[in-house]
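Q: Residue numbers (the numbering used here): 114 to 163.
Backbone N, C-alpha and C define an ideal beta-carbon position, used for all residues, glycine too.
Being a predicted model, the structure only gives us computed values, none of them experimental.
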């Protein structure tokens with residue numbers, strides 16, 4: 114009751130009354146993975162149309 118949850122947070126534990134809770138995973142960047150996923154999704158979409 115009366116607590117705040119920060120925008121974009123994923124809360125996995127109870128938040129006490131009048132507390133502020135925030136939880137964000139550490140960002141991980143994988144170079145080239147976006148291109149790989151785009152190609153994989155495009156290939157799957159093309160195969161589905163056949």
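#1: Who are the Cβ neighbours of residue 124 in its own chain at under 8 Å, not counting the five residues just before and after it?
#2: If you follow the alpha helix (DSSP H) that residue 147 is part of, which residue opens it and which one closes it?
#3: Using a Cβ-Cβ cut-off of 8 Å (strictly less than) and excluding sequence neighbours within five positions of residue 114, which residues of its own chain qualify?
A: Here's the rundown:
#1: For the purposes of this step, residue 124 is taken as residue 11 along the chain shown, with counting starting at 1. Taken in chain order, the residues that qualify are 118, 134 and 136.
#2: Numbered from its first residue, the chain shown carries residue 147 at position 34. 146 to 162 is the extent of the alpha helix (DSSP H) around residue 147.
#3: On the chain shown, position 1 is the one that residue 114 refers to. So the qualifying residues of the chain are 130 and 131.
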